[in-house]
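>
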Amino acid sequence: MWEAVAIENMSFKLATSHWSVSGSTTLISTTNTESTLETIEEIVKVMKELQDAGKIEHLGLSECSAETLERALKIARIEAVQIEYSPWETGPENTGLLEVMRKHSVAYSPLGRGMFAGAIKSPADLADRDYRKNDPRYQGDAFDLNLKLVDKFRDLAVGKSKATGLTVTPVAFALAWVLCQGTDFFVIPSTRSSERLRENFEAGRVLEKFTKQDDDAVRELIKEIAVAGRDTRQLV
Numbered sequence: 297m298w299e300a301v302a303i304e305n306m307s308f309k310l311a312t313s314h315w316s317v318s319g320s321t322t323l324i325s326t327t328n329t330e331s332t333l334e335t336i337e338e339i340v341k342v343m344k345e346l347q348d349a350g351k352i353e354h355l356g357l358s359e360c361s362a363e364t365l366e367r368a369l370k371i372a373r374i375e376a377v378q379i380e381y382s383p384w385e386t387g388p389e390n391t392g393l394l395e396v397m398r399k400h401s402v403a404y405s406p407l408g409r410g411m412f413a414g415a416i417k418s419p420a421d422l423a424d425r426d427y428r429k430n431d432p433r434y435q436g437d438a439f440d441l442n443l444k445l446v447d448k449f450r451d452l453a454v455g456k457s458k459a460t461g462l463t464v465t466p467v468a469f470a471l472a473w474v475l476c477q478g479t480d481f482f483v484i485p486s487t488r489s490s491e492r493l494r495e496n497f498e499a500g501r502v503l504e505k506f507t508k509q510d511d512d513a514v515r516e517l518i519k520e521i522a523v524a525g526r527d528t529r530q531l532v
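First residue of the sequence shown: 297, per the numbering used here; consecutive thereafter.
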């Protein structure tokens with residue numbers, strides 16, 4: 297049922313009928329690909345065997361439910377849980393997952409899959425093969441509504457700039473918002489440019505000035521203009 301491939305020095309994939317497991321010799325994580333829970337204990341057991349054999353150092357899960365994480369924790373120590381989390385996607389707050397994963401939470405797409413970077417003004421700005429073209433949040437009326445949210449979010453960043461004297465971009469403001477949710481959060485924004493990388497690092501300075509009032513302002517905004525086209529499927 298399982299097959300470990302090329303584990304020795306590089307990376308590997310461990311394939312089952314319902315889960316895909318990938319990673320490196322430092323951290324491996326498993327991602328649910330179908331709505332079934334029946335193999336999670338077996339999967340984590342195999343991952344733990346690889347860890348005990350010294351093949352890898354740490355174990356992690358990605359896009360799982362609170363129930364699945366609790367079941368996995370009974371088999372092995374889970375060092376990291378990767379989940380989409382940002383002002384653009386606050387779903388994990390309503391599922392009980394955050395309470396379970398309070399240690400080593402890894403927030404991917406903390407910039408709303410690029411929306412807070414400000415480069416996407418129209419679905420036409422996405423390349424033909426861009427996976428986001430299939431994301432309902434980037435289509436039709438949903439995109440137009442979400443763009444209004446991004447514009448309002450930019451206004452919050454501008455206000456923070458004026459209040460602190462810092463150059464607060466929407467990117468830095470969004471990252472600071474995620475980081476202010478707890479010291480156990482790690483953000484993994486992706487970028488291909490040194491300019492964007494420097495902008496990401498500015499979040500640290502913004503975080504030092506981030507207040508409860510800023511957090512409240514973000515939450516009021518996403519309550520006023522809810523993200524349209526969100527994936528409401530329940531994680532398993």
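For every residue, glycine included, the Cβ atom is placed at its ideal position computed from N, Cα and C.
In or out: Gly410 buried (at least 16 other Cβ within 10 Å) or exposed?
So Gly410 counts as buried.
> Cβ atoms of Leu393 and Ile379: under 9 Å apart, would you say?
Taking 9 Å as the Cβ cut-off, Ile379 and Leu393 qualify as a contacting pair.
> Could you check what DSSP says for Tyr420 in three-state terms: helix, strand or coil?
First, the amino acid is wrong: residue 420 is Ala here, not Tyr. It is helical.
> Roughly how many whole angstroms lie between the Cα atoms of Glu516 and Ile352?
C-alpha separation (whole angstroms): 43 Å.
> Between which two residues does the alpha helix (DSSP H) holding Val502 run?
Val502 -> alpha helix (DSSP H) spans 499-505.
> What do you get for Thr463, buried or exposed, if any count of 16 or more other CB atoms within 10 angstroms of its CB means buried?
By the neighbour-count rule (16 or more Cβ atoms within 10 Å), Thr463 is not buried but exposed.
> At what residues does the beta strand (DSSP E) containing Phe412 begin and finish?
It is not in any beta strand (DSSP E) - Phe412 carries neither H nor E in the DSSP assignment.
> Ends of the beta strand (DSSP E) at Ser358?
It spans 354-358 - the beta strand (DSSP E) in which Ser358 sits, taken as one unbroken run.
> Assuming Val502 and Phe469 are in contact, meaning their beta carbons sit under 8 Å apart, how far apart are those beta carbons, in whole angstroms?
Right, their Cβ atoms sit about 6 Å apart.
> When we look at the beta-carbon of Asp437 and count the other beta-carbons within 10 Å, is it buried (16 or more) or exposed?
It is exposed - the Cβ of Asp437 has fewer than 16 other Cβ atoms within 10 Å.
> Should the region 361-377 be regarded as contacting the region 333-342, the criterion being three or more beta carbon pairs within less than 8 Å?
The answer is yes - the region 333-342 touches the region 361-377, with three or more Cβ pairs under 8 Å.
> Note down the Cα distance separating Thr507 from Val514, rounded to an integer number of angstroms.
Roughly 11 Å separates the two Cα atoms.
> Ala472: buried (16+ other C-beta within 10 angstroms of its C-beta) or exposed?
Counting Cβ neighbours within 10 Å, Ala472 comes out buried, since at least 16 surround it.
> With Ser405 and Ser382 assumed to form a contact (beta carbons below 8 Å), what rounded beta-carbon distance in angstroms separates them?
The Cβ separation is near 6 Å, so the contact holds.
> I'd like the span of the alpha helix (DSSP H) that includes Ala376, first residue to last.
Where Ala376 is concerned, there is no enclosing alpha helix (DSSP H), although the beta strand (DSSP E) it sits in stretches over 376-380.
> Using the C-alpha atoms, what's the distance from Thr465 back to Glu498?
In a straight line, the C-alpha of Glu498 is about 9 Å away from that of Thr465.
> If the criterion is Cβ atoms closer than 9 Å, does the pair Gln435 and Lys429 meet it?
Their beta carbons are under 9 Å apart, which means Gln435 touches Lys429 by this criterion.
> Report the residue from Thr386, Val396, Asp431, Leu493 whose alpha carbon sits nearest the alpha carbon of Val474.
Nearest of Thr386, Val396, Asp431, Leu493 to Val474, Cα basis: Thr386.
> To which residues of the same chain is Pro388 closer than 7 Å at the C-beta, ignoring the five residues directly before and after it?
For Pro388, where only same-chain residues beyond five positions count, the Cβ hits under 7 Å are Ile379, Tyr381, Leu394.
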